[in-house]
Amino acid sequence: MNTPKYLLIIILNSLIISCGSNSGQKKNDFLIKTNAEKGNISSNETLNMSIINRKNHKIDSVVYLLNKKRISESASLKSFKLGKHNVEATIYYEGDTQTIQTAITILNDKAPQIFKYKILNEFPHDITSYTQGLEFHNGFLYESTGQYKKSKLRKIDYKTGEVIKNIDLANEYFGEGLTIYNNKIYQLTWKKGKGFIYDANTLQQLNSFKYGDSKEGWGLCHIDNKVYKSDGTERIWLLNPETLVEEDYIQVCTNKGKISQINEMEWIDGKIYANRYQKNGVAIINPENGGVIGVIDFSPLKKLVTQHKELDVLNGIAYNPDTKTIFVTGKHWDKLFEIEITEN
Numbered sequence: 626m627n628t629p630k631y632l633l634i635i636i637l638n639s640l641i642i643s644c645g646s647n648s649g650q651k652k653n654d655f656l657i658k659t660n661a662e663k664g665n666i667s668s669n670e671t672l673n674m675s676i677i678n679r680k681n682h683k684i685d686s687v688v689y690l691l692n693k694k695r696i697s698e699s700a701s702l703k704s705f706k707l708g709k710h711n712v713e714a715t716i717y718y719e720g721d722t723q724t725i726q727t728a729i730t731i732l733n734d735k736a737p738q739i740f741k742y743k744i745l746n747e748f749p750h751d752i753t754s755y756t757q758g759l760e761f762h763n764g765f766l767y768e769s770t771g772q773y774k775k776s777k778l779r780k781i782d783y784k785t786g787e788v789i790k791n792i793d794l795a796n797e798y799f800g801e802g803l804t805i806y807n808n809k810i811y812q813l814t815w816k817k818g819k820g821f822i823y824d825a826n827t828l829q830q831l832n833s834f835k836y837g838d839s840k841e842g843w844g845l846c847h848i849d850n851k852v853y854k855s856d857g858t859e860r861i862w863l864l865n866p867e868t869l870v871e872e873d874y875i876q877v878c879t880n881k882g883k884i885s886q887i888n889e890m891e892w893i894d895g896k897i898y899a900n901r902y903q904k905n906g907v908a909i910i911n912p913e914n915g916g917v918i919g920v921i922d923f924s925p926l927k928k929l930v931t932q933h934k935e936l937d938v939l940n941g942i943a944y945n946p947d948t949k950t951i952f953v954t955g956k957h958w959d960k961l962f963e964i965e966i967t968e969n
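Take 626 as the starting number for the sequence shown in the numbering used here and just add one per residue.
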């Protein structure tokens, strides 16, 4: 007797579900146990791992990987970057293998140092500017501003506030951070996945570039042949300085957890100084592993500028190599502050 087509379909579906179910059960034979408390572990600790053998298989050997790097069952974390990472174990047993994973978050081994500041000078700043990025180049201050239909790129005489050159972005773009490398300005936009390249002297647009996994554009800074990009998360991406392709990233962490909303950045004395959006402060970040080694609270500065309904948060930090001092401002602030960082 011929089997009806609908019965054949039911039988085939049952076989597929059964096969999938069996393979899924195999994944439950083993689990990775670590000494990371609630998944968190300090970078100065040793990661200890073992296998929970739920079905008492005879295990021949286990190979552990942390971020695809082979490690032993007890591994020092000092050489690893901070943040969330995958731990992988491949178990060899009874002529078979099984690979399982778990996640750990490596945190900084010290609490951030608290720094204070001293105001050295105050300079005029355009109160209409929704400041996103600041950087000095050849004695001039360059500024990128945000908001749709209001975003700009500017070259400024910082002592007088005079705008020497101004470029308006197309209405569809929300301007973000900038950096200047090899006499070229690199400017981010927020959600369009696109940045622009300009000549630093003329502000003529030369080219554009696309983002990769970072999705959004928030802040930029650079040193020598390294360009760093923030995207509003805890990640700071390392870009190829020639192609601007994302090649790696660090994750910003304190000794307590990951720090997100990393925004405008500046490279100062071997460290990344970064605004945190809505926090009116700056984090000082170790660029090698992402550890926050210091914080500066600039909240009092907001009270020293003209108070008005559009006044917004601190944003914008730039190091002037001529004066060897730091300059900060905020969104719709009418002052640019020259400051000196001091010990608490």
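We treat Cβ as the ideally placed atom computed from N, Cα and C, and that holds for glycine.
Remember, it's a predicted structure, so these values are computed and weren't measured experimentally.
- In this structure, the straight-line span from the alpha carbon of G941 to that of F799 is close to 16 Å.
- With respect to the C-alpha of I910, the residue from F923, M890 and K709 having the closest C-alpha is M890.
- The three-state reading of DSSP puts S924 in helix, counting H, G and I together.
- For D782, the enclosing beta strand (DSSP E) starts and ends at K777 to D782.
- Distance from the CA atom of I861 to the CA atom of G708, rounded to whole angstroms, is 11 Å.
- Counting along the chain, the unbroken beta strand (DSSP E) around D685 starts and ends at I684 to L691.
- Excluding the 5 residues flanking it on each side, E797 has same chain C-beta neighbours closer than 8 Å at Y773 and K817, in chain order.
- Boundaries of the beta strand (DSSP E) harbouring K741: Q738 to P749, taken from the DSSP string.
- In the structure shown, the three-state DSSP call for L864 is strand.
- Minimum Cα-Cα distance from E670 among the listed residues I684, K663, N653 and K703 corresponds to K703.
- For the pair W958 and V917, the CB atoms are not nearer than the 8 Å cut-off.
- When the alpha-carbon of N905 is set against those of D937, I966 and L759, the nearest one is in D937.
- When DSSP assignments are scanned along the region 841-898, the uninterrupted stretches of beta strand (DSSP E) that are 3 or more residues long and fall wholly within it turn out to be 844-848, 851-855, 860-864, 871-876 and 887-893.
- Membership of G802 in the beta strand (DSSP E) is indicated by the continuous run G800 to Y806.
- Shortest Cα-Cα distance from G895 to any of E913, P925 and F705 involves E913.
- Contact between K835 and I822 does not hold, since their C-beta atoms are separated by about 12 Å, which reaches or exceeds 8 Å.
- Look at L929 here: in three-state DSSP terms it is helix.
- Between the region 729-738 and the region 654-672, the count of Cβ pairs shorter than 8 Å is three or higher; the stretches touch.
- DSSP places F821 within a strand segment (E or B) once states are collapsed to three.
- At the C-beta level, G919 and I887 stay beyond 8 Å of one another.
- CA-to-CA, the gap between R695 and D856 works out to about 30 Å.
- Around the beta carbon of E719, fewer than 16 other beta carbons sit within 10 angstroms, so the residue counts as exposed.
- As the crow flies, the alpha-carbon of H710 is around 35 Å from that of T967.
- Per DSSP, the continuous beta strand (DSSP E) segment holding G906 begins and ends at G906 to I910.
- Rounded to whole angstroms, Y783 and G820 show a C-alpha spacing of 25 Å.
- In the three-state DSSP reduction, D721 falls in the strand class (E or B).
- A straight line joining the alpha-carbon of E713 with that of L864 spans about 27 Å.
- The C-alpha of A908 lies about 17 Å from the C-alpha of K706.
- A residue is called buried when at least 16 other Cβ atoms come within 10 angstroms of its Cβ; Y755 meets this threshold and is buried.
- Measuring C-alpha to C-alpha distances from T724 to each of Q812, K683, F655 and T814 identifies F655 as the nearest.
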